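Heads up: the structure comes next, in structure tokens.
Numbering (the working numbering), first residue to last: 177 to 344.
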């Protein structure tokens, strides 16, 4: 469960999980409320998926089955790099908005899917769904930057019941 991970729950972090070729969560992928999306990864131990990633290791040796969340994060990083190349003015918030807006529900029969307050489907195993590289890059090209983040500061006086809020 990645809810206790201070890096994953940071607002500047994009938490990416891993799915297998059939769209189900891999055995090594975590779940949590901070999960933003998932990408295809190499096969897990008991997965007979035909999808594998090939890469090199630090000794310039070929690895024919690169898997794990490291593989999934690498795919997501590549997609985000393409988004930023398409529109260099994107902010960290734009990237997150675009991921939420364009992700595709994977494994729709999983009972963990619920609609959030703005009507978006979310699942702690899959976040908002599987990254759609083509749509992400296309939408990024035409994207208008989101408004500045609203910050709320709370201050108490004379006990916990008197709250003052300042909106910037």
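Where a beta carbon is used, it is the ideal one built from N, C-alpha and C, also for glycine.
Remember, it's a predicted structure, so these values are computed and weren't measured experimentally.
Local Cβ density within 10 Å of residue i, reported as buried at 16 or more and exposed below that
| i | result |
| --- | --- |
| residue 234 | exposed |
| residue 215 | buried |
| residue 312 | buried |
| residue 310 | exposed |
| residue 327 | exposed |
| residue 195 | buried |
| residue 301 | buried |
| residue 179 | exposed |
| residue 193 | buried |
| residue 232 | exposed |
| residue 306 | buried |
Nearest-angstrom beta carbon gap, residue j and residue i [assumed within contact, 8 Å]
| i | j | result |
| --- | --- | --- |
| residue 293 | residue 213 | Not confirmed; about 19 Å, so no contact. |
Sheet register partners of residue i (DSSP bridge)
| i | result |
| --- | --- |
| residue 232 | 238 |
| residue 201 | 195 |
| residue 216 | 195 |
| residue 321 | Its beta-bridge partners do not exist; DSSP assigns none. |
| residue 296 | Residue 296 pairs with nothing; no bridge assigned. |
Test: residue i CB closer than 9 Å to a CB of chain C
| i | result |
| --- | --- |
| residue 198 | The structure shown contains no chain C; it is built from a single protein chain. |
Quiz prompt | Contact between the segment 262-282 and the segment 235-249 (3+ Cβ pairs under 8 Å) | solution = no
Quick check for students: name the residue ranges of the alpha helix (DSSP H) that lie wholly in the segment 235-286, counting only runs of 4 or more.
Runs found: 245-262 and 268-278.
* **the segment 193-212 in contact with the segment 258-268 per 3-pair CB rule at 8 Å** => no
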